[in-house]
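Just add 548 to the spot in the sequence shown (first one is 1) and you have this note's numbering.
Glycine included, each C-beta is placed from N, C-alpha and C at the ideal position.
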Amino acid sequence: MKRKAVIIIICFLVAAIAAGGIFLFVKNRQNSSNQLQQSGITKSTVKVACIGDSITYGYALQNREEDAYPAQLQTLLGNGYKVANFGITGRTVALSGDYPYALEDAYEQSKAFTPDIVLLMLGTNDTKKVNWDKKQFANDYAFIVEGYRGLPNHPQVYLMTPPPLYYEGSGENALDKNVLEKNVVPFIRDFAGKEKLPLIDVYKAFEGKPQWLADGCHPNEEGAKQLAALVYQAIAKQ
């Protein structure tokens, strides 16, 4: 009888633990769902991740949270979309660069966001003499792109050329507009063609439009507006 009683008690405890585990699992799922709903994300929401450097971040803008191109893109796309800005100032494609984007938490966070659409615009900071390495740039650009294409949900990745540079710098830490024009931009265009990825040619759209850049590099409010419209048209076309 004692042995039978012990077995009954053990079975009761196992059932109680299992029930508690199921309760916690369901509660966590509910909490996760509630958090997504509070952030405006539902199962039908199209999530858009904007990857880039200070141009994406909105460096030159007084009110970047409202005027940076990802924020303006959110307004254009509407409530069915959730646009997240993962831009970080000064970041490079090359892992050998001074501040590689792929080594930042934002890179992992942008993947954990499980985006449906990825907008990738990097390369301006790679043009510095201290950073530029043609082979390294090509290898690490492919690495970053594959990091998004390889996500379980297989997001649509859009490649974006950076806007032109409209100023002359000097020294190893200065941005080089010639490297941008003759190396970075042609590479991104060719890579998009070879990998059959949609290209948003910001460089071409901003050619002859220095008034759209606050300092010859970063978009001002009008430039960010034009950039958001360009991206919106590309997404709408797809």
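Quiz item: Using the beta-carbon count (16 or more within 10 Å), is G741 buried or exposed?
Solution: Taking the sequence shown and counting its residues from 1, the one referred to as residue 741 is at position 193. So G741 ends up on the exposed side.
Quiz item: Exposed or buried, G492, counting other C-beta atoms within 10 Å across all chains shown (16 or more means buried)?
Solution: Examination of residue 492 is not possible in this model, given that the chain is present from 549 through 786 alone.
Quiz item: Are there 16 or more other CB atoms within 10 angstroms of the CB of A642, so buried, or fewer, so exposed?
Solution: Here residue 642 is taken as the residue at index 94 of the sequence shown, counted from 1. A642 is buried by the Cβ-count criterion.
Exercise. Out of Q759, E743, A762 and L747, point me to the one whose CA is closest to K785's CA.
Key: Here residue 785 refers to the residue found at position 237 of the sequence shown. If we check each option's Cα against that of K785, L747 comes out closest.
Quiz item: Between M669, T623, A650 and S644, which lies nearest to G600 when the distance is taken from Cα to Cα?
Solution: The sequence position of residue 600 within the sequence shown is 52, counting from 1. The option with the nearest alpha carbon to G600 is M669.
Quiz prompt | Anticipated Cβ contact below 8 Å, G626 with D615, distance rounded | solution = On the sequence shown, position 78 is the one that residue 626 refers to. On the sequence shown, position 67 is the one that residue 615 refers to. G626 to D615, Cβ: 18 Å. No contact.
Quiz item: Using the beta-carbon count (16 or more within 10 Å), is V733 buried or exposed?
Solution: Within the sequence shown, numbered from 1, the residue matching residue 733 stands at position 185. Per the 10 Å Cβ criterion, buried.
Quiz item: Are there 16 or more other CB atoms within 10 angstroms of the CB of L651, so buried, or fewer, so exposed?
Solution: Sequence index remark: in the sequence shown, residue 651 carries index 103 (1-based). Classification for L651: exposed.
Quiz prompt | At least three beta-carbon pairs within less than 8 Å, the segment 752 to 769 to the segment 699 to 713 | solution = The segment 752 to 769 makes contact with the segment 699 to 713; the number of CB pairs closer than 8 Å reaches 3 or more.
Practice problem: Could you tell me whether the Cβ atoms of D611 and G645 are closer together than 9 Å? | Solution: To locate residue 611, count along the sequence shown from 1; it is residue 63. To locate residue 645, count along the sequence shown from 1; it is residue 97. Per the sequence shown, the amino acid found at residue 611 is Asn instead of Asp. Not in contact: N611 and G645 (Cβ atoms no closer than 9 Å).
Self-check item: Nearest-angstrom Cα separation, counted from G771 out to K683
Solution: As a first step, residue 683 is located in the sequence shown; it is residue number 135 there, counting from the start. As a first step, residue 771 is located in the sequence shown; it is residue number 223 there, counting from the start. C-alpha separation (whole angstroms): 31 Å.
Exercise. Name the residue from G717, F739 and I589 whose alpha carbon lies nearest to the alpha carbon of Y516.
Key: Residue numbering for the chain in the displayed model covers 549 to 786; residue 516 lies beyond these limits and cannot be assessed.
Quiz item: Along the chain, where does the alpha helix (DSSP H) that runs through N687 open and close?
Solution: What you label residue 687 is simply residue 139 of the sequence shown in a count that begins at 1. Counting along the chain, the alpha helix (DSSP H) containing N687 begins and ends at K682 to R697.
Quiz item: By how many angstroms is the C-alpha of A619 removed from the C-alpha of E613?
Solution: On the sequence shown, position 65 is the one that residue 613 refers to. On the sequence shown, position 71 is the one that residue 619 refers to. Rounded to the nearest whole angstrom, the C-alpha separation of E613 and A619 is 6 Å.
Quiz prompt | Own chain partners of A777 with C-beta closer than 6 Å, once the 5 adjacent residues on each side are dropped | solution = Indexing the sequence shown from 1 puts residue 777 at position 229. If we look at A777 and ignore the five residues flanking it on each side, it has no Cβ neighbours.
Practice problem: Give the straight-line distance between the Cα atoms of E720 and N673, rounded to the nearest whole angstrom. | Solution: Residue numbering aside, residue 720 sits at position 172 when the sequence shown is read from its first letter. Residue numbering aside, residue 673 sits at position 125 when the sequence shown is read from its first letter. Cα-Cα distance, rounded: 11 Å.
Practice problem: Assign K744 to one of two classes, buried (16 or more other C-beta atoms within 10 Å of its C-beta) or exposed (fewer than that). | Solution: The residue labelled residue 744 in the question sits at position 196 within the sequence shown. With fewer than 16 other Cβ atoms within 10 Å, it is exposed.
Self-check item: Alpha-carbon spacing of L707 relative to R697, whole angstroms
Solution: Within the sequence shown, the letter at position 159 stands for residue 707. Within the sequence shown, the letter at position 149 stands for residue 697. C-alpha separation (whole angstroms): 12 Å.
Quiz prompt | Of the listed residues K591, A753, P648 and N633, nearest to G671 (C-alpha basis) | solution = Your numbering for residue 671 matches position 123 in the sequence shown. Measuring from the Cα of G671, the nearest candidate turns out to be P648.
Quiz prompt | Residues bridged to L668 (per DSSP) | solution = Reading the sequence shown from its first residue, position 120 is the one you call residue 668. Answer is I599 and L707, bridged to L668.
Quiz prompt | Distance, Q774 Cα to R639 Cα | solution = As a position in the sequence shown, residue 639 is number 91, starting the count at 1. As a position in the sequence shown, residue 774 is number 226, starting the count at 1. Roughly 23 Å between the two C-alpha positions.
Quiz item: Name the DSSP bridge partner or partners of A747?
Solution: By 1-based counting over the sequence shown, the position of residue 747 is 199. In the sequence as presented, Ala is not what sits at residue 747; that position holds Leu. Paired residue(s): L707.
Quiz prompt | Sheet register partners of T640 (DSSP bridge) | solution = Along the sequence shown, one-based indexing puts residue 640 at 92. When DSSP reads this structure, T640 sits in a beta bridge with P648.
Self-check item: Helix, strand or coil at A632 [DSSP, three-state]
Solution: The count along the sequence shown starts at 1 and reaches residue 632 at position 84. A632 falls in the strand class under three-state DSSP.
Exercise. Could you tell me the boundaries of the alpha helix (DSSP H) in which P618 lies?
Key: Counting from one through the sequence shown, the residue named residue 618 turns up at place 70. Following the DSSP letters along the chain, one finds P618 inside the alpha helix (DSSP H) bounded by residues Y617 to L625.
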